[in-house]
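Residue numbers (the working numbering): 12 to 93. Each residue gets a CB set at the ideal place from its N, CA and C atoms; glycine is no exception.
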């Protein structure tokens with residue numbers, strides 16, 4: 012019996028860990044919008060071939076903080092898959 016494990020993102024969104032096929036690497040994307048510098052993101056690919064991008068926006072002052080926060084989320088999801 013395949014029991015689903017749920018991971019809850021900081022914004023309250025739930026991800027069913029049993030449906031994850033792979034998790035991409037963390038990358039920085041520059042914003043074309045002047046309201047922010049850009050965002051850090053990684054992509055989760057599910058077994059049904061759909062995907063979801065998890066992202067954390069940043070400004071100059073919190074670039075490092077945003078990266079660390081998103082990196083921790085990614086690591087926690089990976090640990091939960093074991």
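Compute the Euclidean distance between the alpha carbons of residue i and residue j, then round it to the nearest angstrom.
i	j	result
residue 86	residue 34	10 Å
residue 61	residue 31	10 Å
residue 58	residue 43	32 Å
residue 74	residue 90	24 Å
Assuming contact is defined by CB atoms lying nearer than 8 Å, are residue i and residue j in contact in what I supplied?
i	j	result
residue 25	residue 17	yes
residue 77	residue 64	no
Assuming residue i contacts residue j under a Cβ cut-off of 8 Å, what Cβ separation, rounded to an integer in Å, is found between them?
i	j	result
residue 28	residue 92	6 Å
Kindly indicate which residue of the options has the alpha-carbon position closest to the one of residue i.
i	options	result
residue 70	56, 32, 20 and 50	50
residue 72	48, 53, 56 and 81	48
residue 55	39, 88 and 21	88
Along the chain, where does the beta strand (DSSP E) that runs through residue i open and close?
i	result
residue 25	25–27
Can you tell me where the alpha helix (DSSP H) holding residue i begins and where it ends?
i	result
residue 76	74–92
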